[in-house]
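Asks:
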Amino acid sequence: MFTPIVINLLNDVGSIFLVRVGNQLKVIEKVHYEDILESKIVRLFQAFIKDKMDQLFITSEHFAIDIDKLLFQLNLNVRYIKMEGNTSGYLSGRTIYINNNHSINNTRFSIARELGRYLFKNTDLMRDSNDNSLKNLHEMIYESDVNKFSVDLLMPKKQIEALVYNFYEVNNINLSSGLSEKERKKLLNLI
8 MFTPIVINLL
18 NDVGSIFLVR
28 VGNQLKVIEK
38 VHYEDILESK
48 IVRLFQAFIK
58 DKMDQLFITS
68 EHFAIDIDKL
78 LFQLNLNVRY
88 IKMEGNTSGY
98 LSGRTIYINN
108 NHSINNTRFS
118 IARELGRYLF
128 KNTDLMRDSN
138 DNSLKNLHEM
148 IYESDVNKFS
158 VDLLMPKKQI
168 EALVYNFYEV
178 NNINLSSGLS
188 EKERKKLLNL
198 I
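Numbering of the sequence shown is given in the numbering used here, commencing with residue 8 and proceeding in unit increments.
1) Excluding the 5 residues flanking leucine 98 on each side, which residues of the same chain have their C-beta closer than 7 Å to its C-beta?
2) Threonine 66 lies in the alpha helix (DSSP H); which residues open and close that run?
3) Run the CB neighbour count on asparagine 106, radius 10 Å, all protein chains shown included, and call it buried at 16 or more, exposed below.
4) Below 8 Å CB to CB, which residues in the same chain sit around isoleucine 118 once its five sequence neighbours on both sides are set aside?
5) How big is the Cα-Cα spacing for arginine 134 and isoleucine 111?
6) Would you check whether the ligand SAM has a heavy atom nearer than 8 Å to the C-beta of isoleucine 43?
7) Can you give the Cα-Cα distance for leucine 51 and lysine 128, rounded to whole angstroms?
8) Where does the unbroken alpha helix (DSSP H) through glycine 92 begin, and where does it stop?
9) Compare the beta carbon distance of isoleucine 65 and phenylalanine 156 with 9 Å and say whether it is the shorter of the two.
So this is what it looks like as structure tokens:
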């Protein structure tokens, strides 16, 4: 495993990826989702598109996880419709319905959440119970799992760490300059 780092060069090269492997930095053109996403998310996708995982990657020009590409690979559709109340979206079969009144950020999260529902529902990860008290608990856990999936998909920890590292590098911030571990964590939380 490696941590991708985006470095913007001010010459004809443009943006490139540098990855730290041990003490060395290597230049690469793309980083596959398998190297960025949590292993649990990778396993969920592999259950459906194992032979297409090599087509899923980020580049310095396209740094965000491409939800549309994932939907295409899974043969899922998105329809934007008017919805009442606070409903942001729902899944029906192979179609994700999204509230067309919501912001782009809310829309991306809603699509990722419904994508998570689809994957969980179709990989035996959805808990089922006939006991009503357990059913409510399982539903709460399921919703929590789906929301965590959405966050981890849209903001992979390794990708966020790379952005923070790049921020430190570009701004010449040295966190090892006399700060205690507690102070470093506090500073990281502020960023």
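The C-beta atom is built at its ideal place from N, Cα and C for all residues, glycine as well. Bear in mind the structure is a predicted one, so any value in this text is a computation, not a measurement.
Replies: Let me lay it out:
1) For this step, residue 98 is matched to residue 91 along the sequence shown. Result list for leucine 98: Glu121, Arg124 and Tyr125, in chain order.
2) Translated into positions along the sequence shown, residue 66 becomes position 59. Per DSSP, threonine 66 belongs to no alpha helix (DSSP H) and is neither H nor E.
3) Here residue 106 refers to the residue found at position 99 of the sequence shown. Counting Cβ neighbours within 10 Å, asparagine 106 comes out buried, since at least 16 surround it.
4) Taking the first residue of the sequence shown as position 1, residue 118 is located at position 111. Here the set comprises Ile74, Leu78, Val85, Gly96, Ile103 and Ile105.
5) Along the sequence shown, one-based indexing puts residue 134 at 127. Along the sequence shown, one-based indexing puts residue 111 at 104. Because arginine 134 sits at a pLDDT of 49, beneath the cut-off of 50, its placement in the model cannot be relied upon, and the point is left open.
6) For the ligand SAM, the structure offers nothing, since it holds no ligand at all.
7) Position 44 of the sequence shown, counted from the start, is the residue given in the question as residue 51. Position 121 of the sequence shown, counted from the start, is the residue given in the question as residue 128. Taking the straight line joining both Cα atoms gives about 11 Å.
8) As a position in the sequence shown, residue 92 is number 85, starting the count at 1. No alpha helix (DSSP H) contains glycine 92, which DSSP labels as neither H nor E.
9) Within the sequence shown, the letter at position 58 stands for residue 65. Within the sequence shown, the letter at position 149 stands for residue 156. Cβ distance not < 9 Å, so isoleucine 65 and phenylalanine 156 don't count as in contact.
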